[in-house]
Amino acid sequence: MKAPLQWGVFFCLKIALDINMENYKNKILVTGGAGYIGSHTCIALHEAGYEVVIYDNLSNSSFEAVNRVSSLIGQPIDFIEGDIRDADSLRQVFAAHQFFGVIHFAGLKAVGESVAKPLMYYDNNVSGTITLLKIMAEYEVKKLVFSSSATVYGDPEILPINEDSPRSCTNPYGQSKLTIEHVLEDLALSDNSWSLIPLRYFNPVGAHPSGQIGEDPNDIPNNLMPYISQVAVGKLDQLSIFGDDYATVDGTGVRDFIHVTDLAQGHVAALNYLKQQKQSLGFLPINLGSGKGTSVLELVRAFSAVAAQDIPFQFVGRRAGDIASCYASADKAQELLGWKASLSITDMCQDTWRWQSINPNGYNSI
Ligand code: NAD
Ligand code: UDP
9 MKAPLQWGVF
19 FCLKIALDIN
29 MENYKNKILV
39 TGGAGYIGSH
49 TCIALHEAGY
59 EVVIYDNLSN
69 SSFEAVNRVS
79 SLIGQPIDFI
89 EGDIRDADSL
99 RQVFAAHQFF
109 GVIHFAGLKA
119 VGESVAKPLM
129 YYDNNVSGTI
139 TLLKIMAEYE
149 VKKLVFSSSA
159 TVYGDPEILP
169 INEDSPRSCT
179 NPYGQSKLTI
189 EHVLEDLALS
199 DNSWSLIPLR
209 YFNPVGAHPS
219 GQIGEDPNDI
229 PNNLMPYISQ
239 VAVGKLDQLS
249 IFGDDYATVD
259 GTGVRDFIHV
269 TDLAQGHVAA
279 LNYLKQQKQS
289 LGFLPINLGS
299 GKGTSVLELV
309 RAFSAVAAQD
319 IPFQFVGRRA
329 GDIASCYASA
339 DKAQELLGWK
349 ASLSITDMCQ
359 DTWRWQSINP
369 NGYNSI
């Protein structure tokens, strides 16, 4: 009679251990999770069954975004206010939670500001990432999905851009992303137990279809889509289009716009891929883009149709540092992750317009 009892205890323990392992496999630290892309990704992670802990210093975001994510997922979300450069604060977080991996969005992202304040950018982005990696190593959490950017490709010679294209950067923001990629490559070479996936985003735009969360620039927007939507809502008078003499379909710049909820799904796909692996992946860069180029004028017209109003614009000279065309080869993401962007330019404009109309002043609208 003793043996069956022992087997029973053994199986109960095994089931408890399996459940625990499953929980551990589902818990993700999201640095910068209160920001634009992070907040959308937290929702997608929750919907995919992941448990999320946000770590953000709110330097470029609002706690209201966290509140809205909580109400969209119907439960409170674990939020810790902290800086990725603060090793002790990170240690406390890693000691309190057992993470499967980290999605690392935290960083400063304004190109112009990075030119004016390079030390701030290298310190925040590069030093911050190194501190995060050190603490991850201390706690044996060696899976990272990192927010890289198509900016690391500089002015591409061949389109569409694949992951083996040469890399170069012209400003401190881009250089900080490229430097972090080099750090990740060297780390993977030094220790083969790391899995490090830089996701190179093309041009993220759009908002959650609920209209509750979206992009909320602090100042006058630098990027095209938020600029257009602020003209449409009457906050700005007119759009300046930087250059009409590029060798493109209509002379204006061409970019690969990707809906932020598609991008969020790309992060879920990357984590699912990490979960399936029996061995570490080393350094594995992957483009997240739609694979399609859209010109500035085409985006303006699409937005105009959605908002049922003209978007006043004027042509001005080219913006320093801009390139003519940039769009991704998204084949690697499809082959490895089974991920593909599915939403159209019209979807991107509709969701941006809904967010902007409901929240003319972003998270300060209430
Ligand atoms: P965002 O500014 O909305 O989000 C970044 C978040 O990181 C913010 O909530 C900010 O408060 C936080 N943060 C910044 N420094 C921090 C620090 N030291 N410690 C803790 N938190 C910190 O930006 P986003 O558009 O959501 O971009 C997310 C990431 O993706 C960034 O790393 C950005 O460089 C990268 N990226 C963005 C784009 C884009 O067009 N939005 C394109 C390519 C790459
Ligand atoms: N752009 C523009 N007016 C603006 C902002 C951007 O004409 O107010 C153009 C810019 O020159 C580029 C495209 O829109 O051709 C995308 O610019 P954005 O800053 O959004 O992204 P990035 O330059 O980083 O690709």
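The end of the sequence shown is residue 374 by our numbering, with every number in the run present.
Idealized CB from N, CA, C, for every residue including glycine.
Computed from a predicted structure; not experimentally measured.
Are the beta-carbon atoms belonging to residue i and residue j less than 8 Å from one another?
i    : j    : result
T49  : A278 : no
L108 : A196 : First, the residue type needs correcting, since residue 108 is Phe and not Leu in the sequence shown. No; because the gap between Cβ atoms is not below 8 Å, this pair is not in contact.
E171 : K340 : yes
V276 : L53  : yes
R263 : G301 : yes
E329 : T178 : A small correction: the amino acid at residue 329 is Gly; Glu does not occupy that position in the sequence shown. Yes, the pair counts as a contact, with Cβ atoms nearer than the cut-off.
D163 : A114 : no
Y335 : L167 : yes
S201 : S122 : no
Y209 : L296 : yes
L344 : I294 : yes
N133 : S184 : yes
P84  : P126 : no
L116 : Y130 : no
S78  : A42  : no
I62  : D91  : no
I169 : S298 : no
Quick one: grab the DSSP three-state call for residue i.
i    : result
K185 : helix
R362 : helix
R99  : helix
V191 : helix
T137 : helix
P368 : coil
N295 : strand
S237 : helix
G219 : coil
H48  : helix
D151 : For clarity, residue 151 is Lys in the given sequence; the question names Asp instead. Strand, per DSSP.
R309 : helix
A315 : helix
N132 : helix
V257 : coil
L282 : helix
H275 : helix
I353 : helix
Y161 : helix
K35  : strand
R175 : coil
I387 : Given that the chain is displayed from residue 9 to residue 374, the structure contains no residue 387 and the question cannot be resolved.
A332 : coil
N211 : strand
G109 : strand
Alpha carbons only, please: which of the options is nearest the one belonging to residue i?
i    : options                : result
A215 : V153, S352, G40        : S352
I88  : Q317, G82, I81, F102   : F102
Y254 : A240, L98, V304, V213  : V304
A240 : V38, Y129, I366, D64   : I366
G242 : N369, A73, G297        : N369
A56  : S298, S122, G274       : G274
L204 : R362, K125, L141       : L141
G259 : L244, S218, S333       : S333
I188 : T137, I169, R208       : T137
F321 : I294, D199, I236       : I236
D318 : I331, L247, N132, G325 : L247
T159 : K150, R175, E146, I62  : R175
G40  : I331, Q342, V110       : V110
Y281 : T256, G346, Q238       : G346
Q238 : E146, K33, Q364, Y161  : Q364
A118 : D227, A104, S173, L186 : D227
G82  : S47, I51, E146, L186   : I51
L186 : K150, S198, Y161       : Y161
S47  : N34, D199, H112        : H112
Would you please state the rounded distance, in angstroms, between the beta carbons of residue i and residue j? I believe it to be under 8 Å.
i    : j    : result
R93  : S67  : Not a contact, Cβ separation roughly 11 Å.
L80  : Q284 : So it is not a contact: roughly 28 Å between Cβ atoms.
N211 : F154 : In fact, because the Cβ distance is near 18 Å, the residues do not count as touching under 8 Å.
Q358 : V308 : The pair is not a contact, with the Cβ atoms about 15 Å apart (cut-off 8 Å).
V60  : I36  : 6 Å
E223 : P206 : Not quite, the Cβ-Cβ distance comes to about 22 Å (not below 8 Å), so this is no contact.
T354 : A310 : 6 Å
F418 : D245 : No answer is possible for residue 418: it lies beyond the span of the chain, which begins at 9 and ends at 374.
R99  : I143 : 6 Å
S218 : D270 : S218 to D270, Cβ: 16 Å. No contact.
Y371 : E72  : 4 Å
V213 : M356 : 5 Å
So that I know if they touch, is there some Cβ in chain B lying closer than 8 Å to that of residue i?
i    : result
N367 : Looking at the structure shown, chain B is missing, and only one protein chain is on hand.
May I ask you to check if the CB of residue i is nearer than 7 Å to at least one heavy atom of ligand 4?
i    : result
G325 : Absence of ligand 4 is noted for the structure shown, with ligand 1 and ligand 2 being the only ligands found.
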